[in-house]
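Residue numbers (this note's numbering), protein chains in the order written: chain A, 29 to 399; chain B, 10 to 335.
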């Protein structure tokens, strides 16, 4: 069953075409210096390199799992660079590019996928919450946090805004609808940034929704816009505008970044079972990095030396990621009991002590040569 | 100075005092604003603290607890009212996968001092989903503290302790006892109250220990009174997670018998866990197996049958009698 009217693809905001040409948009003007443009290119290349290395590390058994961001670099770097230091981001589990923009080190991300931690960073230090694995759960946390920002009186031109990342699949969860509604009725300063990468593991958008996702917002009473998610400038400009809209007290906004998951859902997935390579080829021609490189070249704002320098930096980061991943220490067994509770809990303390004794009994046995 | 308060009014007074002493304390839930909640537990708070601190939420339990987590991440102390026990379940994911775990996930970087207030238990002649005792689900979940109260004094202090705790606390309110009264010294310091995780000997005795919590404490005290043959000690558990085993084992080692009564179904319940642990730690002191008295392992029945379903005075006495047949 199909509905042709609903399936007709709407216009999306695009500021940099796949051919590397700048386009003006009346609602989203962007004034970007050559240096900023080169900075975005560098970000894009480096996060792709980190991602490539992480996939390889999983293949070699160094990581238990990895969720690749391949193809979604522009959506993440553009929106991530739109954030101010005091803003707060609530990620899903694929936002390695946003994490990069917030100053999270790759090894901190890898620690979760290697299984040595469940998080790996202090959300308050980076303005970047922990990865959320339960789909859409973070949409409500972002909304509640934004309600707290309102209560702190932290709105205004220099105020605080919140951004929440989630995917096309997450829009089917009740929590997303509840978050949209709580944000709307409270006029909370939160930007909902949906990366529609066309695939929720094996399910395409038509299995998730009958209307384009950005239109969901209208039903809840706030603006929604679809952008070219492979265009770093559109992502930057539209997110910047939405964050400003939020921080000035005008309420939530939904951005649907129309992009494509070029890799598998995770390293455990086999996309050849459910999608055709022609689709991949079509999206490869819209690559988020290539168009920036073309633009830099055509405009003469980067030369071969610059590109070589970024490539060298990428190689050195790849090597560093590999080394740091292997150096991540296994946690102590008694870490199991660590920070389950904030306040003393005699029950857990007793279990920890019993388990420590149990472990020590093996050491005693070893010392006595019993084993 | 003491005031004679119902359990409901005591919780209300405790909420008010917590809100007065800490501007970060918020109350949120369905109908908690102008209405004061369907049981009026938040009565007058909206008028005195305003809509920013007493938040009438959309009718969505997952949304309530999910946004409360976000508010807590921003430094607030939200107290969420879940209107009835049976309405909690849409929020199960936010509670069990997020609220309970986010602190450990962050290795202690994040604190989520959220309180869930849940009126629970039966005996009010209600329609389905308004009479349940789901406490075992919560007590089984690491990262949550679970408490319940049986009198107005504990209601007044323990709601404040729950709010002051940096851990998420599930606060079960015995809805059929909301109107039970007691004298409460509302001028004392919070620090003078017994710690939230401790059990309380509600009635000293020598021959058997009868352990109950929440709405069943009153029934247990009545049973102890009614049993003229034995000197029954009654323990009000108060904290279901963690359990104060020190108080329980001290009592059982003296009396040699333990009967546990709760409204929830017996199988896999709070009583089952306590029975197993007491058997382990007090094996040579026990004169009889630990007896559990609770509801049947069936869904809560239509209200015309609830007097048969809920363990009443006679069922508790029957349990005590069984403990003396060994």
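We put the beta carbon where it would ideally sit given N, CA and C, even for glycine.
Quiz item: So does the stretch 136 to 148 of chain B actually touch the stretch 192 to 202 of chain B, counting three or more Cβ pairs closer than 8 Å?
Solution: Flag = no, the stretch 136 to 148 of chain B and the stretch 192 to 202 of chain B do not touch.
Practice problem: Name, in chain order, the residues that DSSP records as bridge partners for residue 269 of chain B. | Solution: Residue numbering aside, residue 269 of chain B sits at position 260 when the second chain is read from its first letter. Beta-bridge partners of residue 269 of chain B (DSSP): B/220 and B/301.
Practice problem: Please decide whether residue 92 of chain B counts as near chain A, where near means a Cβ-Cβ distance under 8 Å. | Solution: Here residue 92 of chain B refers to the residue found at position 83 when the second chain is read from its first residue. Look at residue 92 of chain B: its C-beta is not under 8 Å from any C-beta on chain A.
Quiz item: Relative to chain A, which residues along the stretch 73 to 91 of chain B have a C-beta separation below 7 Å, given in chain order?
Solution: Within the stretch 73 to 91 of chain B, the residues whose Cβ lies closer than 7 Å to some Cβ of chain A are 75, 76, 77, 78, 79, 80, 82, 83, 84 and 85, listed in chain order.
Practice problem: Run down chain A in chain order and give the residues with a C-beta less than 8 Å from the C-beta of residue 71 of chain B. | Solution: Taking the second chain and counting its residues from 1, the one referred to as residue 71 of chain B is at position 62. In chain order: 168, 202, 203 and 206.
Exercise. Give the DSSP-derived three-state secondary structure of residue 58 of chain A in the structure shown.
Key: Counting from 1 along the first chain, the entry for residue 58 of chain A is found at position 30. In the three-state reduction of the DSSP assignment, residue 58 of chain A falls in the coil class.
Practice problem: State the start and end residues of the unbroken alpha helix (DSSP H) segment that holds residue 255 of chain B. | Solution: If you number the second chain from 1, residue 255 of chain B lands on position 246. First-last of the alpha helix (DSSP H) with residue 255 of chain B: 254 to 264.
Exercise. Tell me, please, whether the CB atom of residue 383 of chain A is closer than 8 Å to any CB atom in chain B?
Key: For the purposes of this step, residue 383 of chain A is identified with residue 355 of the first chain, where counting begins at 1. Output row for residue 383 of chain A: interface = no.
Quiz prompt | Rounded separation between residue 31 of chain A and residue 237 of chain A - CA only | solution = If you number the first chain from 1, residue 31 of chain A lands on position 3. If you number the first chain from 1, residue 237 of chain A lands on position 209. Unreliable placement is indicated for residue 31 of chain A, whose pLDDT of 43 sits below 50; no coordinate value is reported for it.
Quiz item: For residue 353 of chain A, does the three-state DSSP call read helix, strand or coil?
Solution: By one-based count along the first chain, residue 353 of chain A stands at place 325. Residue 353 of chain A falls in the helix class under three-state DSSP.
Practice problem: Would you kindly work out how many angstroms separate the C-alpha atoms of residue 254 of chain B and residue 376 of chain A, rounded to a whole number? | Solution: As a position in the second chain, residue 254 of chain B is number 245, starting the count at 1. As a position in the first chain, residue 376 of chain A is number 348, starting the count at 1. Approximately 13 Å between the Cα atoms of the pair.
Quiz item: Could one say the Cβ of residue 141 of chain A lies closer than 8 Å to chain B's Cβ atoms, at least one of them?
Solution: Start at 1 with the first residue of the first chain, and residue 141 of chain A comes out as number 113. Not closer than 8 Å to any Cβ of chain B, the Cβ of residue 141 of chain A fails to qualify, so no.
Quiz item: With 8 Å set as the bound, which would you pick, yes or no: does the beta-carbon of residue 215 of chain A sit closer than that to a beta-carbon of chain B?
Solution: Working through the first chain from its first residue, we reach residue 215 of chain A at position 187. Not one chain B Cβ lies under 8 Å of residue 215 of chain A.
Quiz prompt | Distance between residue 297 of chain B and residue 3 of chain B (C-alpha atoms, nearest Å) | solution = Beyond the ends of chain B as shown, which are 10 and 335, falls residue 3 of chain B; an answer cannot be given.
Practice problem: Just the chain D side, please: which residues come within less than 8 Å of residue 176 of chain A by C-beta, in chain order? | Solution: Note that chain D does not occur in the displayed structure, where the protein chains are A and B.
Quiz item: Using 8 Å as the limit for Cβ to Cβ distance, is residue 260 of chain B near chain A?
Solution: Here residue 260 of chain B is taken as the residue at index 251 of the second chain, counted from 1. No, residue 260 of chain B does not count as interfacial toward chain A.
Quiz item: Are the beta-carbon atoms belonging to residue 281 of chain A and residue 79 of chain B less than 8 Å from one another?
Solution: Taking the first residue of the first chain as position 1, residue 281 of chain A is located at position 253. Taking the first residue of the second chain as position 1, residue 79 of chain B is located at position 70. No; because the gap between Cβ atoms is not below 8 Å, this pair is not in contact.
Practice problem: Output, in chain order, the set of chain B residues within a Cβ distance shorter than 8 Å of residue 368 of chain A. | Solution: Position 340 of the first chain, counting from 1, holds the residue named residue 368 of chain A. Listed along the chain, the chain B residues whose CB falls inside 8 Å of the CB of residue 368 of chain A are 112, 113, 151 and 152.
Quiz item: What residue ranges within the stretch 161 to 211 of chain B form continuous alpha helix (DSSP H) runs of no fewer than 4 residues, ordered along the chain?
Solution: Those alpha helix (DSSP H) runs which fall completely within the stretch 161 to 211 of chain B and span 4+ residues are 161 to 173.
Self-check item: Backbone secondary structure at residue 222 of chain A - three-state DSSP
Solution: The residue given as residue 222 of chain A occupies position 194 in the first chain. Secondary structure at residue 222 of chain A: strand, using DSSP grouped into helix, strand and coil.
Quiz item: Do residue 320 of chain A and residue 69 of chain A come within 8 Å of each other at the CB atom, strictly closer than that value?
Solution: Reading the first chain from its first residue, position 41 is the one you call residue 69 of chain A. Reading the first chain from its first residue, position 292 is the one you call residue 320 of chain A. Yes; because the gap between Cβ atoms is below 8 Å, this pair is in contact.
Exercise. Determine the burial state of residue 41 of chain A: buried for a count of at least 16 other Cβ atoms within 10 Å of its Cβ, exposed for fewer.
Key: Taking the first chain and counting its residues from 1, the one referred to as residue 41 of chain A is at position 13. Under a 10 Å Cβ-count criterion, residue 41 of chain A is classified as buried, with 16 or more other Cβ atoms of the shown protein chains found around its own Cβ.
Quiz item: At a Cβ threshold of 8 Å, is residue 31 of chain A touching chain B?
Solution: Counting from 1 along the first chain, the entry for residue 31 of chain A is found at position 3. Any answer about residue 31 of chain A is weak, because its pLDDT of 43 lies below 50 and its placement is not dependable; what the coordinates show is given next. Taking Cβ atoms only, chain B never reaches closer than 8 Å to residue 31 of chain A, which makes this a no.
Quiz prompt | Nearest neighbour of residue 232 of chain A, chosen from A/178, A/301 and A/256 [CA to CA] | solution = Numbered from 1 along the first chain, position 204 holds the residue referred to as residue 232 of chain A. Cα-wise, what sits closest to residue 232 of chain A is A/301.
Exercise. Report the three-state DSSP secondary structure of residue 13 of chain B (helix, strand or coil).
Key: Locating residue 13 of chain B in the second chain gives position 4, where the first residue counts as 1. Assignment of residue 13 of chain B by DSSP, reduced to helix, strand and coil, places it in the strand class.
Quiz prompt | Interface residues of chain A facing residue 252 of chain B [CB-CB closer than 9 Å] | solution = For the purposes of this step, residue 252 of chain B is taken as residue 243 along the second chain, with counting starting at 1. Here the neighbours are 375.
Practice problem: Measure from the alpha carbon of residue 101 of chain B to the alpha carbon of each residue in B/117, B/118, B/77 and B/70, then state which is nearest. | Solution: Counting from one through the second chain, the residue named residue 101 of chain B turns up at place 92. Considering only B/117, B/118, B/77 and B/70, the residue with the shortest C-alpha distance to residue 101 of chain B is B/70.
Practice problem: Quick one: residues in its chain with C-beta nearer than 7 Å to the C-beta of residue 110 of chain A, no 5 flanking neighbours on either side, listed in chain order? | Solution: As a position in the first chain, residue 110 of chain A is number 82, starting the count at 1. For residue 110 of chain A, where only same-chain residues beyond five positions count, the Cβ hits under 7 Å are 264, 267, 268 and 271.
Quiz prompt | Continuous alpha helix (DSSP H) stretch holding residue 172 of chain A: start and end | solution = Residue numbering aside, residue 172 of chain A sits at position 144 when the first chain is read from its first letter. Unbroken alpha helix (DSSP H) run through residue 172 of chain A: 165 to 179.
Self-check item: Proximity below 8 Å, CB of residue 261 of chain A to CB of residue 60 of chain A
Solution: Start at 1 with the first residue of the first chain, and residue 261 of chain A comes out as number 233. Start at 1 with the first residue of the first chain, and residue 60 of chain A comes out as number 32. Closer than 8 Å, so yes.
Practice problem: Answer yes or no: do residue 132 of chain B and residue 49 of chain B have a C-beta to C-beta separation smaller than 8 Å? | Solution: As a first step, residue 132 of chain B must be located in the second chain, where it is residue number 123. As a first step, residue 49 of chain B must be located in the second chain, where it is residue number 40. For residue 132 of chain B and residue 49 of chain B, no; Cβs fall outside 8 Å.
Self-check item: residue 180 of chain B vs residue 125 of chain B beta-carbon contact at 8 Å
Solution: By 1-based counting over the second chain, the position of residue 180 of chain B is 171. By 1-based counting over the second chain, the position of residue 125 of chain B is 116. Their beta carbons are under 8 Å apart, which means residue 180 of chain B touches residue 125 of chain B by this criterion.
Quiz item: Between residue 74 of chain A and residue 204 of chain A, what straight-line distance do the alpha-carbon atoms span, to the nearest angstrom?
Solution: Here residue 74 of chain A refers to the residue found at position 46 when the first chain is read from its first residue. Here residue 204 of chain A refers to the residue found at position 176 when the first chain is read from its first residue. Distance between the alpha carbons of residue 74 of chain A and residue 204 of chain A is about 31 Å.
Quiz prompt | Of the listed residues A/253, A/140, A/56 and A/127, nearest to residue 357 of chain A (C-alpha basis) | solution = The count along the first chain starts at 1 and reaches residue 357 of chain A at position 329. Nearest option by C-alpha distance: A/140.
Quiz item: Taking only runs of the beta strand (DSSP E) that begin and end inside the stretch 252 to 282 of chain A, which ones reach a length of at least 3 residues, in chain order?
Solution: Complete beta strand (DSSP E) runs here, min 3: 252 to 256.
Quiz prompt | Between the CA atoms of residue 50 of chain A and residue 29 of chain A - distance to the nearest angstrom | solution = Counting from 1 along the first chain, the entry for residue 29 of chain A is found at position 1. Counting from 1 along the first chain, the entry for residue 50 of chain A is found at position 22. Since pLDDT at residue 29 of chain A reaches only 38, below the 50 mark, its modelled position is unreliable, and no value is offered.
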